[in-house]
Amino acid sequence: MLTIAYDPGRPALYLPERREALFSRGENYSVLQLASEMSRLAYLRFETSKTEYARLRLALNQIDFSHLTIFTDTSTGTEAYGAYRTFDKLAIVAFRGTQPDKIKDLLTNLRSTFVRWPVGSAKVHRGFATAALRLIKSIENWLSKLGGSASKVLLVGHSLGGALATLISTLITGAHLVTIGAPRVGDSDFVNCLNPDAAVRLVNCCDLVPGLPFKSLGFRHGIGVTYLSSNAKIWRNPGRTLIKADRVTARREYLRCFSPKRNNVLLRDFADHAPINYIRVLFQKSAD
């Protein structure tokens, strides 16, 4: 498996798609490895660029995924893709996160008032809900065209993409979920709509995005945390005291080693949100 260095650079955070695809033919990737890299590949601008589309298709071909289908909504600037692997009957839908040069993504994030969600009595983030509902029909149609051949549906995404995956997981029966650095999505009633036994919520050390929107506004996480520590360990549901101590160490080390250097992200709280800094931990571990 690859050894990937921690990347404090701005391109890693703001242009994660620039790095070459990490998948290699013949490797046996875990669910978390598939989820993290396929979420990063969702940042490729496949909806407007034939070259980017070809890059995505080639990367997926390395791990035997086909049936590549693009889901896009121009009114909200929301993008995702679906792919299917025959030998294990796995269908994956990967949602794109926020691209800072796209005003529609930023507006989606800012529309943080609550709106009713069509499951139970849940209320969720208005911007996330609008974007998710614009894609659900096309995703359902794609799954239907697979003819019931998919024995497992996995929804994945980084940042905003993780929020969309979380919402849509409540609308697709039996769906599994992996989120990478995802924000809170809904209220305490929405938490009851989630299936924590079929979900993994990854948080990389100091990443600030999973702390948004604030709990004081009524938002809650409904899935226990799988925490990636400052020394690249994977901790499942660690206590707050352990996390707090690890973050203090991480921030101190970051300021000592990285921040003053040119083209680096100023704070570890931002740098830890970069997809590659999740992937570097998961690709050195076999974690499912």
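Going left to right, the sequence shown walks through residues 207 to 494 as the working numbering numbers them.
From the three backbone atoms N, C-alpha and C, an ideal C-beta is built for every residue, glycine too.
Quick caveat, the model's predicted, so the values are computed rather than measured.
{"query": "May I ask you to verify whether the stretch 314 to 329 touches the stretch 248 to 260, counting CB pairs closer than 8 angstroms and requiring at least 3?", "result": "no"}
{"query": "Between which residues of its own chain and A369 is the CB-CB distance below 6 angstroms, once the five residues before and five after are set aside?", "result": "F334, A388, P389 and V391"}
{"query": "Going by DSSP, what residues sit across from G333 in a beta bridge?", "result": "Bridge partners of G333: none, in fact."}
{"query": "Out of E285, I429, L221 and H382, state which residue places its alpha-carbon closest to the alpha-carbon of R340.", "result": "E285"}
{"query": "Leaving out five residues before and five after C411 in sequence, what residues of the same chain have Cβ atoms less than 8 angstroms from its Cβ?", "result": "Y433, L434, S435, S436, D452, R453, A456, R474 and D478"}
{"query": "Scan the stretch 271 to 340 and note each continuous alpha helix (DSSP H) run of 4 residues or more that stays entirely inside, going in chain order.", "result": "309 to 316"}
{"query": "For R246, which beta-bridge partners are listed by DSSP?", "result": "None; R246 has no bridge partner."}
{"query": "Assign L383 to one of three DSSP states: helix, strand, or coil.", "result": "strand"}
{"query": "From the DSSP output, read off the bridge partner residues of G353.", "result": "Its beta-bridge partners do not exist; DSSP assigns none."}
{"query": "Counting Cβ pairs closer than 8 angstroms, one from the stretch 405 to 421 and one from the stretch 306 to 313, do we hit at least three?", "result": "no"}
{"query": "Determine the closest residue to L240 out of R251, L250, Y249 and L228, with distance taken between C-alpha atoms.", "result": "L228"}
{"query": "Should the stretch 420 to 430 be regarded as contacting the stretch 344 to 363, the criterion being three or more beta carbon pairs within less than 8 angstroms?", "result": "no"}
{"query": "Kindly indicate which residue of L266, E243 and S272 has the alpha-carbon position closest to the one of Y290.", "result": "S272"}
{"query": "From what residue to what residue does the beta strand (DSSP E) around T432 run?", "result": "V431 to L434"}
{"query": "Can you have a look at K450 and say buried or exposed, based on whether 16 or more other CB atoms are within 10 angstroms of its CB?", "result": "exposed"}
{"query": "In three-state terms, what does DSSP make of L360?", "result": "strand"}
{"query": "In terms of residues, what are the limits of the alpha helix (DSSP H) holding I482?", "result": "P481 to L488"}
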